[in-house]
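Chains as they are written, first to last, in this note's numbering: chain A, 1 to 157; chain B, 1001 to 1168; chain C, 2001 to 2381; chain D, 3001 to 3414. Positions of the beta carbon are idealized from the N, C-alpha and C atoms, including for glycine. Okay, so here's the structure we're looking at.
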Amino acid sequence: MMEKKFDVLTVNGLPIVQAQFNWSVGVLMQKFLKSLANKKFLAAKCPECGYIYAPPRNTCAKCWKKIEEKDLIEISGGGTLVSYTVGYVELDGKANWVDLKKPKVIGAIKLEGANSLFFAPIEADPKDVKIGMKIGLEWNSELKGGWKDIKHFKPVS
Amino acid sequence: MGYVKDERPETMMVEGDWQVGAYRYKAPRLLEEYAQNLKNKKIVGSLCMGCGKVIVQPRNICGRCHRRMEERKIVSEWGSLTCFVVSPPVVKGKYKLFGLDPVDTGALKEGEVMIPVFVRFDGSDSNIACLLFNAKPEEVFIGMRVKAVWAKELKGAMSDLDGVEPIR
Amino acid sequence: MGEKIGIIGYAQSHHQYEVQKTREDLVFDVVKEALAKAGILREELGTVVTSSTDFLDGRTISNVFLSMAVGAFLKDESKVEEDGTSSLMYAVMKLITGAYDVALVEAHTIGWGFNPHQVSFYTVDPLVDRQFGVLNDVSAGALQAKMYMDKYGVSEGDLAAVAVKNLGNGAVNPYASRRMADVSATEVLKSKMFFSPITELMMSPITDGCAVVILASEKKARSVCKNPVWIEGMGNCQDPYLRDRNLLSLTALKKAGQAAYQMAGISDPVNDLDLLEVSERYAHEELMICEALGLAREGKGKFLVENGVTTKCGELPVNPSGGALCADPICATGLVRVVECCKQINGEAEDHQVSGVKKALAHGQFGICSQKNTVIILGGE
Amino acid sequence: MFRNCAIIGCGQTKHTSKRRDVSAAELAAEAVNAALVDAGITMKDVDCVVSGNMQGFGGIAQPEQWLGDWIGCAGKPAIRIATGGTTGGSVGQGACYTVASGMYNVSLAVAWEKHSDSKEAGATTGLAHVGMGNLFHALAYGLSLKNLIATTAVGAAAGVAVYQARYYMQRSGCRQEHLDMVAAKNRRCAAKNPYAHLQWPNCQPEDIAKTDLIAYPFRYGHVCPASDGASAIVVAEEKFARKHCKQPAWFKGLASYSDEENQLQSENYGGVGVIDPSEQMGARVSAMKAYKMAGITDPQKEVDLAEIYQPFPSQELIFSERLGLFDEGTAWKHMEKGETDINGRLPISVSGGVNATNAIGSSALQRILEAALQIMGKAGEHQVPKKVKTAVAHGWGGVTNYITFTVLGDTPRG
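Listed below in structure tokens is the structure:
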């Protein structure tokens, strides 16, 4: 548990100790996650300034207006790639960088019909990815109402 | 009449974790020194040359004088209680530490009554928390004179100082 | 600003990946050094503002066991959970009210204990981005870099030039952790790729470190210090969360900079400032920071480096100490910039001294893609 | 120069054990909205946002980066202040300093906690994380499990407060029944406060005395809950305050002095030089400073109401003495006579206090908020019958070594 080095000691933690969380999502976000089961991707339009948030949220950050369930609109879930990066490493959740055998593409997608960006892994060969590409959403075969319903984002030709 | 209940709808939840156990820390060798002295039945504290306070277990820095506590002092194994608490009998499954039940791990026995105390060993200016043995809860009082109880086998570990017992 | 507040003492630790000291000792030594530099005793302190975060330090209430080491025993104490420049700002505000005379600002991070990039993953939206698990400060920084490069025609070579400049500067800074003299652009580009286009040498190294600044009201400062450095302006601003923000420019820094310039009466930063010390976590950020602070038009930041304007002997040196690319003790990085500015103004920077510095700007940032920014403008007598 | 500033709006959410109808962001926004509505201003008027919570409990690092958009941080100066249990108090004082210094005209202070986001009851890992480094360190040197359990966690929740209570009772002669009385008073008061968590209308000391013993002197009925909730205040400078609020609650004095660690251990498992954790030197010094700033010479006569941070009833008694509201060792006698009740001479924590509602990050801000409500006359059912001219709000945190202390008044500083 400890190694001797210089005048100080290194104290390692016990890997079994971890804190677990379950964050409640709130009404609008629940609506969003549940409707993924119906292959619907929801967004929220601010009734005041018209800014469209995807995924939805209940307060507009620009004009501080309350956004309600009636303000939800449906968008395609696809969009344009405004930026991407090829990840050669990833975090293992325990604070270590792990080299990836197969590099991973991470994209910033400007969702069609919304103002927000969406950050997600993109299923594509790093060589073929270009800024300005159209990105589509593919659904899993099993739909349960949650993030797992989204299989991946993929370039559409 | 009792507590007013508050009922409200629940929304779904998403999960995540925080790997608290993956953190590393740097520590000085003070505790090592303390534990090794326990092996010789000596309780060591650090002495501040600024204010003369003796702190057990030894610590590094005296905040009052804002200086390092470089001197050491052996304090008496006799002391007096400054505070005590009588726990209710231990019940299995009532309390868990990191998901482990103290009764299952064998640390405590079912139905055991413990008396955790604060002891100020003579010559020191700080408390140590430990258990009081060989005493009935109704006999204990603040200021009671106690002496250290040493483990049967001294290993140079913190558990060498098992607790304290009244001086009779 | 109603009252003048001066810096009378400052110190920083040697920043390394693994400092062979406990957290308590690290902080204690730097605080002692700063107090000695200011020539005051701990008893003279009025208030102490520290800066560290629970997730980075691995302790809930990260300052709680450090009160003694920072000299806050029976002193007014508070902790700002952000970059050190924000706590400096808070301390200045406390001093302006006249409630206290002397303030000690301390900032530290133990980067070795737990990978700060993992912590950055813990800061993203738990309901969305944390579920996908791809976003952290490096990948987000890479996305920003790519977007910036694509929009303004900036190449990887331009980013490498920034790294070369800063690493070269840092080589003569004894406090820096990454000291690489004569590093070439090719080496920067060839170093380990994390998230394209960001390579290892284009991102700041994780370090342990601590910085301390001691502030005093004008009267007190003049009585104990020959050459106090005055706080002339300060500004602070936060950007929206990554999803709803314009990643192409640092809007928050623009606002923070404007507030600070206005306070200090600066209309033309290029001419009025003599030196900048900025916290650039990634090479491209220095370009964006320079643009946001009004040194170049948007997208033209690369010409500052190309034309040598921001080199150590250029017209307006940026990061002569090497900046965050040479040592990045997260919470302390901003405060280290302040310390470096003070050293430059007082002519104590030795090998990386820039001549004739009267007015300097220190910038601190916090959060993914420089979400929170603080700008401090410092001036000598 | 200390520019006059005042609280002009207060907002809080309903506190309860599980606020799963909202996300953490929406919870904080709820309080912010309520505060803005109360002050009669919009987010555009706010110049600066000071926020805080305890990040380990919700598992989100630096949460204001994400939920800043919900609490108005976006595009504004924003400072995050977090000091453990006193987070709320430090946030409130932070907002005061930002305005008092003349940097900003209107500041918003918001603090929140969402315990139910943690999978464990009371977010124990987040809490234990305070001494996690120490614990790993000591375990490596053979700290026995039995000793650990016995000493640090007698009855899980109570921890060091039990010892603190014992010290106090030894010093003052207060008995367990007095703790029952304090707890019953807090439950009763909470029933009149629509935002409080543990509400028990007409709770009597006998009801509390029926609950199980945790470890003498504490019973289950004494202990504070772990709540979800948020609170927010709007602080403004004099001109703005007078324009927007009929009776603002003015900041008169404030201080947050820290003491040596009060709980046996310092960093790296060293000892500490504090023998008696009920001595609370930090509280005494903070009170001295804040009263001096406020021009109060005799707090026993001049203070009309106190909001004390008391997760355990003993702490209400301890801190009311340490803050100079009663003579040493007499608080329980005054309490026994009903002087601290809602219609008493010096009402203490008539909102129910932390004893009834404990959303840790927000609790200390809630004390400032409730004190302000009483001065503004907006407390509703738990408004005290007498005119409140000076109210004090207290918070403690860390390892019982951090104190925030704020004096509010119905007129600005002289």
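Report, in whole angstroms, the separation of the C-beta atoms of residue i and residue j, which I expect to be a contact under 8 Å.
i	j	result
D:N3359	D:E3064	What sits at residue 3359 of chain D in the sequence shown is Ala, not Asn. Wrong, their Cβ atoms sit about 16 Å apart, outside the cutoff.
A:Q30	B:M1012	5 Å
D:S3017	D:A3290	That pair is no contact at about 33 Å.
D:V3032	D:G3094	Actually they are not in contact, since the Cβ atoms of D:V3032 and D:G3094 sit about 16 Å apart, beyond 8 Å.
B:V1146	B:I1167	6 Å
Taking the alpha-carbon of residue i as reference, which of the options has the nearest alpha-carbon?
i	options	result
D:L3067	D:E3177, D:H3197 and D:A3029	D:A3029
D:A3356	D:E3336, D:P3385 and D:I3308	D:I3308
C:Q2262	D:A3215, D:L3179 and D:M3103	D:M3103
C:Y2017	C:G2233, C:L2378 and C:A2176	C:A2176
D:A3230	D:R3413, D:S3051, D:G3056 and D:P3412	D:S3051
D:G3084	D:E3328, D:V3022, D:R3284 and D:S3256	D:S3256
B:Y1043	B:I1167, B:I1128, B:A1022 and B:I1142	Looking at the sequence shown, residue 1043 of chain B is not Tyr but Ile. Measuring from the Cα of B:I1043, the nearest candidate turns out to be B:I1128.
D:G3395	D:A3372, D:R3413, D:L3305 and D:G3361	D:G3361
C:N2271	C:E2024, C:V2224, C:M2288 and C:L2293	C:L2293
C:D2083	C:C2210, C:A2140, C:A2160 and C:E2024	C:C2210
C:P2197	A:P126, A:D7 and A:N12	A:P126
B:L1047	B:K1041, B:K1039 and B:V1056	B:V1056
B:V1090	B:R1067, B:G1106 and B:G1079	B:G1106
B:K1152	B:N1040, B:D1125 and B:I1167	B:N1040
D:P3277	D:V3303, D:F3136, D:G3009 and D:E3261	D:E3261
Can you give me the C-alpha to C-alpha distance between residue i and residue j, rounded to a whole angstrom?
i	j	result
A:V17	C:S2062	19 Å
D:D3341	B:V1085	30 Å
C:T2333	C:D2129	27 Å
C:G2039	C:K2220	12 Å
C:V2138	C:R2281	9 Å
D:V3388	D:S3320	17 Å
B:K1005	D:R3413	43 Å
B:P1009	A:A37	21 Å
C:C2342	D:G3397	35 Å
Using a Cβ-Cβ cut-off of 6 Å (strictly less than) and excluding sequence neighbours within five positions of residue i, which residues of its own chain qualify?
i	result
D:V3315	The amino acid at residue 3315 of chain D is misidentified as Val; the sequence shows Gln. Answer for D:Q3315: no residue qualifies.
C:G2168	none
A:I122	V105, G107 and F153
B:V1103	K1092 and E1110
D:G3040	H3244
C:A2252	C2237, Q2238, D2239 and N2373
Taking 8 Å as the cut-off, decide whether the C-beta atoms of residue i and residue j are in contact.
i	j	result
D:D3117	A:N22	yes
A:Y84	A:V105	yes
D:C3048	D:A3236	no
C:I2005	C:V2080	no
A:I131	A:L81	yes
D:R3367	D:G3131	no
D:A3306	D:L3317	no
C:V2102	C:V2070	no
D:R3187	D:W3200	yes
C:H2117	A:L100	no
D:V3350	D:Q3263	no
A:F158	A:E74	The structure shown does not extend to residue 158 of chain A, since chain A spans only 1 to 157, so no value can be given for it.
C:T2374	C:A2216	no
C:L2378	C:I2330	no
C:I2110	C:R2178	no
C:V2278	C:E2291	no
Spatial neighbours of residue i within its chain, please: CB distance less than 8 Å, with the 5 preceding and 5 following residues excluded, ordered by chain position.
i	result
D:R3019	T3013, L3027, K3114, S3116, D3228 and G3229
D:A3024	G3058, I3060, P3063, L3067, W3112, K3114 and D3117
B:E1112	P1089 and V1090
D:G3155	Annotation note: pLDDT 42 at D:G3155 (below 50); position unreliable, coordinate value reported separately. Around D:G3155: V3162, I3214, A3215 and F3218.
Quick one: residues in its chain with C-beta nearer than 7 Å to the C-beta of residue i, no 5 flanking neighbours on either side, listed in chain order?
i	result
C:L2088	V2105, V2213, L2335, V2338 and I2376
B:A1157	A1035
D:E3328	E3321
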